[in-house]
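Scroll down for the structure; my scribbles are underneath it.
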Amino acid sequence: MGARESNRHLIDDGVMMLRVLALSLTLFTGFVQATVLQRPISLDTGTGELFGSLLLPKSDAPVPVVLIISGSGPTDRDGNNPDGGRNDSLKRLAWVLAKHNIASVRYDKRGVAASLAATPDERNLSVEAYVADAEAWSQKLKADPRFGKLILLGHSEGALIATLAAPSVDAAAVISMSGSARPVDQVLRQQLSNRLPPPLMLRSNELLDSLKAGHTDDNVPPQLQVIFRPSVQPYLISLFRQDPAAAFAKLKMPALIIQGTSDIQVGVGDAKLLKAAKPDAELAVIEGMNHVMRIVPNDVKRQLASYKDPNLPLAAELGTRILGFIDGLRSS
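To convert, note that position 52 of the sequence shown is 52 in UniProt numbering; the numbers rise steadily by one, no gaps.
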């Protein structure tokens, strides 16, 4: 019996500790090493072409495929952001999946990186457009005979997009990583209250109130332009309409919630709220993991440095939990 069959036997036995141990072992020793094809992939949405990367393990049978949806702002398919730095978090995650016989597609959202031309003006971006794109990618993958079960994995704001897209494409499962449970305007109020002096906080709350009500406001102080610049306000209006926990509660398929305890952008409380919204979801709270999936202490300087260090390894438990969850889907 080969290593893969041996690991499968342990999983089928349902021995959780052995399963975790076996998966950890393959992560570190490379016992499971699929031959992986790396190919560019694109999608014609009818309103612009989107570009991405496909990792496809060589297999005689269809393999599960994960559609990886990146987070907010100009975050690209690899998890990198020109404002935040290069960390390759989603790229590295895709390779963890590929080496365990799980395909993935990660893509640049419209208006971002290689897909910039699809919507070059951010005034025209919306959550609804991002959801429609995720649905279109999903249908493309479901129609491809090389792929088996489709899993939508969203990171940060991408978790909301995955949650909203999954029902219409009948995804096999949803993985929410560092996803907020609360409407994003509430999250912003909390984050900004700790960082802004009172006069700016007052103006920030006025802007949030206006956008929540569906109205733009061009009177934005220079210090708040990065968040509330007029060109991004139409997108924020579409975003503030969403209730992530309510959307998550509507999911009928299996779901995995992943949250790190050292995440300075999204807290464990949000993960628990998502779990409360969908009690049959699996919750994985990873001790010490931050927003870019690394084990980093709650020290601001080290946190920010990790956003710009692609060589830091991903949290080992992250791969273990995702692989275990997907293997559970395969055996069901």
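Cβ atoms here follow ideal geometry from the backbone N, Cα and C, with glycine treated the same way.
Integer-rounded CB distance, given that residue j should sit under 8 Å from residue i
i: leucine 150; j: alanine 162; result: Incorrect: roughly 11 Å between the Cβ atoms, too far for contact.
i: valine 187; j: phenylalanine 240; result: Their Cβ separation, rounded to whole angstroms, is 10 Å, which puts valine 187 and phenylalanine 240 out of contact at 8 Å.
i: glycine 52; j: arginine 106; result: 6 Å
i: leucine 160; j: arginine 189; result: Rounded, the Cβ-Cβ distance is 17 Å, inconsistent with contact.
i: proline 234; j: leucine 200; result: That belief does not hold up - the Cβ atoms of proline 234 and leucine 200 are roughly 23 Å apart, past 8 Å.
i: glycine 179; j: valine 266; result: 7 Å
i: alanine 98; j: serine 89; result: That pair is no contact at about 15 Å.
i: valine 285; j: alanine 271; result: 6 Å
i: arginine 77; j: leucine 56; result: The Cβ separation is near 15 Å, so there is no contact.
i: leucine 54; j: isoleucine 41; result: 4 Å
i: asparagine 101; j: valine 63; result: 6 Å
Counted within 10 angstroms of its Cβ, other Cβ atoms place residue i as buried (16 or more) or exposed
i: alanine 230; result: The sequence given here places proline at residue 230; alanine does not occur at that position. So proline 230 counts as exposed.
i: leucine 125; result: buried
i: isoleucine 322; result: buried
i: glutamate 317; result: buried
i: valine 300; result: exposed
i: proline 244; result: buried
i: serine 193; result: exposed
i: isoleucine 326; result: buried
i: valine 46; result: Reading off the sequence, residue 46 comes out as glycine, not valine. Per the 10 Å Cβ criterion, exposed.
i: alanine 181; result: buried
i: threonine 75; result: buried
i: alanine 246; result: exposed
i: arginine 92; result: buried
i: serine 262; result: buried
i: proline 120; result: exposed
i: threonine 29; result: Unreliable positioning characterises threonine 29 in this predicted model, as indicated by a pLDDT of 37, which lies under 50. A coordinate reading is not provided.
i: alanine 129; result: buried
i: alanine 254; result: It is proline, not alanine, that sits at residue 254 in the sequence shown. With 16 or more other Cβ atoms within 10 Å, it is buried.
i: lysine 109; result: buried
i: lysine 275; result: buried
i: threonine 320; result: buried
i: valine 226; result: exposed
i: alanine 171; result: buried
Opposing strand residues paired with residue i [DSSP bridges]
i: methionine 177; result: His155, Ile258
i: proline 40; result: Ser53
i: asparagine 81; result: Gly85
i: residue 333; result: With the chain represented from 1 up to 332, any question about residue 333 goes unanswered, as that position is not in the structure.
i: phenylalanine 147; result: Val63
Where the alpha helix (DSSP H) through residue i begins and ends
i: leucine 55; result: Careful: leucine 55 lies outside any alpha helix (DSSP H), inside the beta strand (DSSP E) at 49 to 57.
i: alanine 245; result: 244 to 249
i: tyrosine 235; result: 233 to 240
i: leucine 192; result: 184 to 193
i: isoleucine 264; result: Here isoleucine 264 belongs to no alpha helix (DSSP H), and DSSP marks it neither H nor E.
i: aspartate 327; result: 316 to 330
Delimiting residues of the beta strand (DSSP E) encompassing residue i
i: proline 64; result: 63 to 69
I'd like the ranges of any beta strand (DSSP E) spanning at least 3 consecutive residues and lying wholly in the segment 86 to 135. 103 to 107
In chain order, which alpha helix (DSSP H) runs of at least 4 residues are fully inside the segment 274 to 299? none
Just to confirm the assignment: which complete beta strand (DSSP E) runs, minimum length 3, are found wholly within the segment 191 to 217? none
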